[in-house]
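Heads up, the sequence shown is in the working numbering, so the first residue is 77 and it goes up one at a time.
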Amino acid sequence: MADYRTIVQGLSKAELHIHIEGSLEPEMMFELAQRNRVSLPYDSVEAVRRAYDFTCLQDFLDLYYAGMQVLREEADFHDLADAYFRRAEADNVTHVEYFFDPQAHLERGVPIGTIMEGLMSATRDARERGTGVSLILCFLRHLSERDAFDVLEETADYHSEIVGVGLDSSEKGNPPSKFERVFAAARDQGFRLVAHAGEEGPPEYVWEALDVLGVDRIDHGNRALEDEALIARLRRDRVPLTVCPLSNLKLGVVDSLPAHPLKRMLDHGLLVTVNSDDPAYFGGYINENFERAARALELTETELATLAENSFAAAFGANPA
Ligand code: ADE
Ligand code: ZN
Numbered sequence: 077m078a079d080y081r082t083i084v085q086g087l088s089k090a091e092l093h094i095h096i097e098g099s100l101e102p103e104m105m106f107e108l109a110q111r112n113r114v115s116l117p118y119d120s121v122e123a124v125r126r127a128y129d130f131t132c133l134q135d136f137l138d139l140y141y142a143g144m145q146v147l148r149e150e151a152d153f154h155d156l157a158d159a160y161f162r163r164a165e166a167d168n169v170t171h172v173e174y175f176f177d178p179q180a181h182l183e184r185g186v187p188i189g190t191i192m193e194g195l196m197s198a199t200r201d202a203r204e205r206g207t208g209v210s211l212i213l214c215f216l217r218h219l220s221e222r223d224a225f226d227v228l229e230e231t232a233d234y235h236s237e238i239v240g241v242g243l244d245s246s247e248k249g250n251p252p253s254k255f256e257r258v259f260a261a262a263r264d265q266g267f268r269l270v271a272h273a274g275e276e277g278p279p280e281y282v283w284e285a286l287d288v289l290g291v292d293r294i295d296h297g298n299r300a301l302e303d304e305a306l307i308a309r310l311r312r313d314r315v316p317l318t319v320c321p322l323s324n325l326k327l328g329v330v331d332s333l334p335a336h337p338l339k340r341m342l343d344h345g346l347l348v349t350v351n352s353d354d355p356a357y358f359g360g361y362i363n364e365n366f367e368r369a370a371r372a373l374e375l376t377e378t379e380l381a382t383l384a385e386n387s388f389a390a391a392f393g394a395n396p397a
């Protein structure tokens, strides 16, 4: 068998679980801080990287929201997305469905047009290079359902550019059912639906994402493996799981990569995909996630090909507009 690097590089892939704000590398964070005269609580790029020592999701989220404060102007959102697309293309990613967190910018006073025009110009450039790209608007689950309705309304001019809505941020204590009505409204408006569930939260949150929200995909879903009936349901309905091995390792969702459930998910016949989540914070883009999981779990070339095929089977495809 060829080495994992060569195999993974050779596979065309779709990335379905990437928070665009989580691709903000410390170098760009410093550059944008200077450009926008934002002060950072770090004196070097190395100091930023040293601070990325998380033990749980909330530790990470605190730094993630702090880091994105350097994003102020349309050009910043363009540069952020442009850098990610080029990096993903180098990993042989040919289709991307990326998350963005408008509430985290709107609450800092960044206008919706600044966010969307910046992201869309980089998105159009990537499409012109031949990469398929769709956008997924995420609601921040630590905020209220009313806030989620508000952001859905505030983005109305851009809905034709957005393929789906998702649910991210602090999972524990914020069950999917908190967002039942706004997901129903989003479905009525023609959006595809996804939600982070079972990353830190219990299997019940995965059930709720499926049965209360009616999602098309589950983001993470690790803890679904604690529930046999849930595994059977995910298999029966071919519900995709967008799994992120290096994220899970960095956030303590798994103790080690050999303990990661990716291989068990494949063995259960689940439609599992590999993704990078927040690559600037977790130490690797998509190929690094594939390679390190493959090495730790001794995945076969066939299993790697299945994971890549699954990513296209699970994709929503181009925006409807
Ligand atoms: N926002 C960005 N990354 C996230 C993750 N892994 N879980 C929940 N919310 C997030
Ligand atoms: Zn995520």
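The beta carbon of each residue, even a glycine, is placed where N, CA and C say it ideally should be.
Note that this is a predicted model, so its numbers are computed, not measured.
Inset, instruction - Reducing DSSP to helix, strand and coil, say where His272 ends up. - result: strand
Inset, instruction - Can you tell me which of Pro321, Leu182, Met104, Pro279 puts its alpha carbon nearest to the alpha carbon of Ala372? - result: Among Pro321, Leu182, Met104, Pro279, the Cα nearest to that of Ala372 is on Pro321.
Legend entry - Leu133: CB within 7 Å of a non-hydrogen atom of ligand 3: For the structure depicted, ligand 3 is absent and the ligand set comprises only ligand 1 and ligand 2.
Inset, instruction - State the beta-bridge partners of Asp201 as determined by DSSP. - result: Paired residue(s): none; Asp201 is not in a bridge.
Inset, instruction - Inspect the CB distances between the region 102 to 116 and the region 319 to 338 and report whether three or more fall short of 8 Å. - result: no
Inset, instruction - Report the rounded CA-to-CA distance for Phe153 versus Arg257, giving the unit in angstroms. - result: C-alpha separation (whole angstroms): 30 Å.
Inset, instruction - With hydrogens ignored, establish whether the beta-carbon of His336 is closer than 7 Å to any heavy atom of ligand 1. - result: no
Inset, instruction - Use the C-beta contact count for Met341: other C-beta atoms within 10 angstroms, 16 or more gives buried, fewer gives exposed. - result: buried
Legend entry - Residues sharing a beta bridge with Ile94, DSSP: Answer is Tyr174, Asp353, bridged to Ile94.
Legend entry - Boundaries of the beta strand (DSSP E) in which His296 is found, first to last residue: Looking at the DSSP string, the run of the beta strand (DSSP E) that includes His296 is 293 to 296.
Inset, instruction - Compare the beta carbon distance of Val350 and Ala381 with 8 Å and say whether it is the shorter of the two. - result: no
Inset, instruction - List in chain order: all unbroken alpha helix (DSSP H) runs of 4+ residues lying wholly within the region 106 to 178. - result: Restricted to the region 106 to 178, the alpha helix (DSSP H) segments that are unbroken, complete and at least 4 residues in length are 121 to 127, 133 to 143, 150 to 166, listed in chain order.
Inset, instruction - Determine contact between the region 124 to 135 and the region 163 to 172, defined as no fewer than three beta-carbon pairs at a distance below 8 Å. - result: In short, these stretches do not touch, since the Cβ pair count stays below three.
Inset, instruction - Taking the CB atoms as reference points, tell me whether Arg299 and Gly328 lie closer together than 8 Å. - result: no
Legend entry - Given Ser88 as reference, the closest of Asn168, Glu101, Ser99 once Cα atoms are compared: Asn168
Inset, instruction - Identify whether Lys254 lies in helix, strand or coil by the three-state DSSP scheme. - result: Lys254 carries a helical assignment under DSSP once its states are collapsed to helix, strand and coil.
Legend entry - For Ala384 and Ile362, the rounded distance between their alpha carbons: 11 Å
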